[in-house]
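Under our numbering, think of the first position of the sequence shown as 11, with each following residue one higher. All residues carry an ideal CB built from backbone N, CA and C; glycine is no exception. Working notes, beginning with the structure itself.
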Amino acid sequence: MSKLKVIPEKSLTNNSRIVGLLAQLEKINTESTESDTARYVTSKILHLAQSQEKTRREMTAKGSTGMEVLLSTLENTKDLQTTLNILSILVELVSAGGGRRASFLVSKGGSQILLQLLMNASKESPLNEELMVQIHSILAKIGPKDKKFGAKARINGALNITLNLVKQNLQNHRLVLPCLQLLRVYSANWKNGVVELMFKIIGPFSKKNSSLMKVALDTLAALLKSKTNARRAVDRGYVQVLLTIYVDWHRHDNRHRNMLIRKGILQSLKSVTSIKLGRKAFIDANGMKILYNTSQECLAVRTLDPLVNTSSLIMRKCFPKNRLPLPTIKSSFHFQLPVIPVTGPVAQLYSLPPEVDDVVDESDDNDDIDLEAENETENEDDLDKNFKNDDIETDINKLKPQQEPGRTIEELKMYEHLFPELVDDFQDYDLISREPKAFVFEGKVRGPIVVPTAGEEASGNSSSLRKGVVMKLTVSPKGDEDNKKPACADLAKEDIKDNDRTLQQQLGDQNRTISSGYGLNNDIVKALDRITLQNIPSRTAPGFTAGMKKDYGLPVTTLTCANACSHVATCGNVLFEGRTVQLGKLCCTGVETEDDEDTESTASVEQALVEVPDGPTLHDSDLYIEIVKSTKSVPEYSEVAYPDYFGHIPPPFKEPILERPYGVQRTKIAQDIERLIHQSDIIDRVVYDLDNPNYTTPEEGDILKFNSKFESGNLRKVIQIRKNEYDLILNSDINSNHYHQWFYFEVSGMRPSIAYRFNIINCEKSNSQFNYGMQPLMYSVQEALNARPWWIRVGTDICYYKNHFSRSSIAAGGQKGKSYYTITFTVIFPHKDDVCYFAYHYPYTYSTLQMHLQKLESAHNPQQIYFRKDVLCETLSGNSCPLVTITAMPESNYYEHICQFRNRPYVFLSARVHPGETNASWVMKGTLEYLMSNNPTAQSLRESYIFKIVPMLNPDGVINGNHRCSLSGEDLNRQWQSPNPDLHPTIYHAKGLLQYLAAVKRLPLVYCDYHGHSRKKNVFMYGCSIKETVWHTNDNAASCDVVEDGGYRTLPKILSHIAPAFCMSSCSFVVEKSKESTARVVVWREIGVQRSYTMESTLCGCDQGKYKGLQIGTRELEEMGAKFCVGLLRLKRLTSPLEYNLPSCLLDFENDLIESSCKVTSPTTYVLDEDEPRFLEEVDYSAESNDELDIELAENAGDYEPSAQEDVLSDSELSRSYLP
């Protein structure tokens, strides 16, 4: 017990002692007693401060007067030793306490007192060195914590005192060191003389005084951040001096003990090259080559990475800015608008002089400051929140939903015909039978597809499969009707009825003759570029007729092959009446075999089964071709991409988020810099060019061939840089000169086992999920013919970074940032002379949507499902914008049943307002398929709601390969406030539908617009809440006064429990000023729909839940669309508990149904696996690029309510496992 009392007693003694000493010192100040006493007291306080942390804490604690007593004594004493004692005490307090204690000292007026002490001490002769060292040491520590420190020093005249001290004592390193530390704090306030002084201190390699050299370099780097100082350094030739010094230290610092000095030199170079003159001086001094060579020599030592990274940053900054190698950065395609807007980006574009495209802005204020973040891990969410506070709407009156009719009732009557379900009495419908019919298609029944495979031995006496010719069809948009010669590439099919309801695809043989000189290897591809198949009379595909508004035709050239093509069917069906379509060339290698001989032989039909479900398949190649005929594009596309023709099956394996190799971006940047240093090694040959209609593809065998002239394609120009490296340039959105992100193109003529590097060099967003594990997609025709017809994630060494191409801010339409960014990835193709397609995300064309809608319409049971497909309006180029209505048919035409039918609440869904967000269409496909399915829960859902769906709000943008805009050159999701019927017809009429529903008092229960997100993972929602918006402005008092129904959170919470990809913590319900013209905000504010959402799906993958660590695929996207429907059913049960009494077991059954395992299905039909593998926590890789804030970041304002976590399922599978 006695020991326990010792410690507090001792503490009490110590505390009493320091308190007593401070009180005694305060008494000395007031009584002006002799200096000996003050000297003694301060020495005792110094001893306690040096030996006890508790003493230091007490003297700087809140409410303590210790600091005031010390400063008062310092200000009044004339005794040198007392002054030195107090300065030593202050050094002890600040050194041990970090920034907080330094700030405490500043708050007590320490800066002013110390600066005055410096002035007084400088007047003494001779100067007291110890006093000067102590004063400068303490000022260097507290200066950064005082925002007005520079102004105070300037007023006091302290700046020149320190400068003169350094000049007069260059050899006195003990005094110069703290002076330099203080000069660094002063750096922003210096104009004259200091830079020159620093170059007297720094110099070539020396083992002496390295600490002084280090501080001098840090001071110099800080000084050179001033443009005035940087210009002075350039004028005096100091850039060359810095490079010379750096090379000297690099050569002599063999043991890398002076890395901080070497980095200090680089930091000084980095500062001086922030101005245009500095960059020019750096180039003239051969700085690019010097830093390139030294950084390459540092690569072997991992600890020297800071030097390599800083060198890389400097070289990137100094790389001469170039304009893109294009005649104009405006789109290659032009569409004349019916009305030219008076203001906005399109108006600016039309008013730009042509020479604006040639301007390269190299002004000093270019955005390289944020390059600092390139080698550091950034927290994007923090950046996000800091940025958005300025964007959050703070006006409560603007936040409150105010239903505005906008248009008169008479005007809105034009939409009555799109709501026949509100007036139809169903007298003419056969509603007697209530037995649900099977959800099957009329006509052909799909079963396993028979596809020839590679490497299998033929049965019987047949030899193995030969490499054969696969055809390419050509088309002409114009021609004489009498000269119409349709061509086709349809595979001959025979329906085989057996117990399994299978469909076998018989691959017939057809002899063809080849013009002289063409064999069966890669030379055939060249020939096939120019051929159409013979026009053989045949039957039209059953159920389809060609209806064309225009007549097309072209003289057809015929090229035949003497060899048997075992995997190519006889051309039997007329694809087009009067218009021929070119199917993107397949590949001459067709199906690879073990036998590489080119001798002629008869190949047997080897078969591989791709199983399809007993239910419907939504893909039909014949129907797709028929629809393409009537799809109108600005470039008048005449080709069909093979993946769109044949369809997509989700691959039967998981695709993990790619682990990024260390230093990959650094390596890529170094290779880019080599272009400038070793210009003679660069080929610089154009191999594809949309801007040159007379351009012909080079015929050399080792050059890749490119193509993007098909629906949704986007690739403008390709330049071969090195033998296996290509720069790719994307096309701007039509009537725009930016928005480059979406790409979809064809590549052929490759060689196996060769690493090809592709650089897409004109992207605009400042960061991308390509930096965080996302891969581009590839579709191989060879693989498709080998029974693997799917898009897969490919590419290694992937990164996204700022490059040396730029455009002027004028040409960019006032956009922030003048530089472009590069997506780079490396691919090794598995097959020789394959034909492959690359895409930003899984393509989903307008023609695919029309095909899917037709298949759904033809397959549904009209006695069970009410399905209507109307045309909402025509787009600018004359394509129809489909509007779909889905609900359940009434039980009968009795009054009660008709009333129940008409009084169902509406759910309004839309998607694909941004063409590059193809994932939105895959989610919509999942929703449509689910709504049209025949399971019990889908029927209950149809009985609960009437669905009005606009599945593609921007058909023209999708068709023409735009990334964000329509043909008007505007983002349609920023036009909802005041849509123009001539420029934004789909938005104008979609809003009109909602206004009509509001006018007839039938407000939708839910509005949801499906989108894709390029910067974040998972699926999440944005909604609208006044309370949460006000809360995020930090005005908590105001948020407490807001009364709001929290029902807007119900649906997202439901989805977070039932949808594996959905993440509640990523949801936001904040209303931003920049989003006031979006569908979500306008439908909430003007129409009055409380549950108005944007549902964002990642383009990359998931970092939580069941799919954690996996890239997202069409299977998961379609599942999300189905889960959204289940969520709506649960929402109905929660919002209408009395009138809606669905057994919960049915919902649970539906959830199990969606999650149950099933086999790989037919093209474009979603399948779900029972379990997904768990992944280790995702590594957060550095973006290593300019992280300037992007407008898209403003979507996520955080969430102030925690959400339930996803259930984690089985982790027994491997990371890349195949389905059974």
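Runs of alpha helix (DSSP H) with 4 or more residues, each lying fully within the stretch 173 to 205, are found at 183 to 196, listed in chain order. Between Tyr196 and Val244, the alpha-carbon positions lie close to 21 Å from each other. With fewer than three CB-CB distances shorter than 8 Å, the stretch 1136 to 1144 does not count as touching the stretch 675 to 691.
In this structure, Ser1107 sits away from Leu1120, with a CB-CB distance that is not shorter than 8 Å. Residue ranges of uninterrupted alpha helix (DSSP H) with 4 or more members, entirely inside the stretch 241 to 284 and ordered along the chain, are 248 to 262 and 269 to 282. Beta-bridge annotation (DSSP): Asp880 is paired with Leu893. Counted as a single uninterrupted DSSP element, the beta strand (DSSP E) harbouring Gln730 occupies residues Lys727 to Arg732. If you compare the alpha carbons of Ala291, Leu893, Phe1072 and Asp981 with that of Leu428, the shortest gap goes to Leu893.
The residues Leu886, Asp992 and Leu993, in chain order, have a CB closer than 8 Å to that of Pro348 in the same chain once the five nearest residues on each side in sequence are set aside.
Residue state for Glu646 is assigned as coil, using DSSP reduced to three classes. In this structure, the alpha-carbon of Gly120 lies about 23 Å from that of Gln62. Secondary structure note for Arg767: its beta strand (DSSP E) is the uninterrupted segment Ala765 to Cys773. Around Val638, the same chain offers Val591, Val650, Glu721 and Ser857 as residues with beta carbons nearer than 8 Å, after the five sequence neighbours per side are excluded.
When beta bridges are read from the DSSP output, Arg110 appears opposite no residue. Residue Asn219 holds the alpha-carbon nearest to the alpha-carbon of Asn268 among Asn219, Gly288, Lys290 and Ile300.
Per DSSP, reduced to three states, the secondary structure at Ile293 is helical. By the criterion of a C-beta distance shorter than 6 Å, Glu906 is surrounded by no residue of its chain, once the five residues flanking it on both sides are discounted. Contact between Val104 and Lys177 is ruled out by a C-beta separation of about 27 Å, above the 8 Å threshold. Cβ-Cβ distances below 7 Å link Leu84 to Thr93, Ile96, Ile123 and Leu127 in the same chain, with the five nearest sequence neighbours on each side left out; the list follows chain order. The residue from Gln985, Pro1014 and Asp440 with its alpha-carbon nearest to that of Glu1086 is Gln985. Around the beta-carbon of Gly247, fewer than 16 other beta-carbon atoms lie within 10 Å, marking it exposed. Between Val257 and Gly288, the C-beta gap is not smaller than 8 Å, which leaves the two residues out of contact. By the CB criterion at 8 Å, Asp981 and Ala1089 fall outside the cutoff. Where Phe815 is concerned, the enclosing beta strand (DSSP E) starts and stops at Thr806 to Ser816. Around the beta carbon of Pro671, fewer than 16 other beta carbons sit within 10 angstroms, so the residue counts as exposed.
As a beta-bridge residue in DSSP terms, Phe755 pairs with Phe848. Counting the other Cβ atoms within 10 Å of the Cβ of Tyr360 gives fewer than 16, which makes it exposed. Asp699 is classed as buried because its beta carbon has at least 16 other beta carbons within 10 Å across all chains shown. Judged by DSSP in its simplified three-state form, Phe957 adopts strand. Ranked by how close their Cα comes to the Cα of Thr627, the residues Leu270, His658, Ser640 and Pro645 have His658 in first place. By the C-beta criterion, the stretch 702 to 714 is judged not to be in contact with the stretch 660 to 678, since fewer than 3 inter-stretch pairs fall below 8 Å.
Relative to the Cα of Val251, the nearest Cα in the group Leu279, Asn239, His266 and Ala232 belongs to Leu279. An exposed status is given to Val311, since fewer than 16 other beta-carbon atoms sit within 10 Å of its beta-carbon. Following the DSSP letters along the chain, one finds Ser61 inside the alpha helix (DSSP H) bounded by residues Ser45 to Ser61. Here DSSP, grouped into helix, strand and coil, assigns Pro666 to strand.
In this chain, the beta strand (DSSP E) harbouring Lys715 covers Lys715 to Asn717.
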